[in-house]
Amino acid sequence: MKKIEVIIKPFKLEDVKDALVEIGITGMSVYDVKGYGRQQGHSELYRGAEYVVDFLPKIKIDVVVKDEMVESTINAIVNSAKTGKIGDGKIFVSSLDEVVRIRTEERGSEAV
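In structure tokens, the structure reads:
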């Protein structure tokens, strides 16, 4: 099993959610986060004064999938979140040793 963490632009959340549901992803966690990457934030002008916005609003999505679903999940995310502009986001994939569903005590892929 793999945990896929996704950082995207906020306005792409519904597109990504719909794409994941379409390929059979039944659960996800969504967080409002702030951060920056290569773009290093941006400058804004407010009442004649320029200031730097270091941390930009982003959305973080966590999903857990079976190993055979990793590539289709990544493809669905990339195809639905990509704008071709800087700040589109990142996808991080890591291995999970164990998953336990508390209600039924199921373990492994049955718990996903």
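Numbering (the numbering used here), first residue to last: 1 to 112.
Ideal Cβ positions, reconstructed from N, Cα and C, are used throughout, including at glycine.
From a predicted model like this one, the values you see are computed outputs, not experimental measurements.
Determine whether the beta carbon atoms of residue i and residue j lie at a separation below 8 Å.
i, j, result
"ILE23", "THR104", "no"
"GLY89", "LYS58", "yes"
"LEU96", "LYS12", "no"
"ALA81", "ASP32", "no"
"TYR36", "ASP54", "yes"
Straight-line CA distance for residue i to residue j?
i, j, result
"GLU5", "GLY48", "39 Å"
"LYS66", "ALA111", "11 Å"
"VAL21", "PHE92", "19 Å"
"GLU98", "ILE77", "24 Å"
"MET69", "ILE102", "23 Å"
"GLU71", "ASN79", "12 Å"
"ASN75", "SER109", "21 Å"
Name the two residues that bound the continuous beta strand (DSSP E) containing residue i.
i, result
"ASP32", "29-35"
"ILE102", "Careful: ILE102 lies outside any beta strand (DSSP E) and carries neither H nor E."
"ILE59", "56-65"
"VAL93", "89-95"
"LYS9", "Neither: LYS9 is in no beta strand (DSSP E) and is coded neither H nor E."
Leaving out five residues on either side along the sequence, give the residues of the same chain with a beta carbon under 6 Å from the beta carbon of residue i.
i, result
"ILE61", "VAL6, MET28 and VAL30"
"VAL63", "ILE4, ILE25 and MET28"
"SER124", "Given a span of 1 to 112 for the chain in the structure shown, any question on residue 124 remains unanswerable."
"ARG107", "VAL100"
"PRO10", "PRO57 and ILE59"
May I ask which residues mark the beginning and end of the alpha helix (DSSP H) holding residue i?
i, result
"VAL16", "13-22"
"GLU71", "70-81"
Please list, in chain order, all residues of the same chain as residue i whose beta carbon is under 8 Å from its beta carbon, the five residues on each side excluded.
i, result
"LYS34", "PHE55, LEU56, PRO57 and LYS58"
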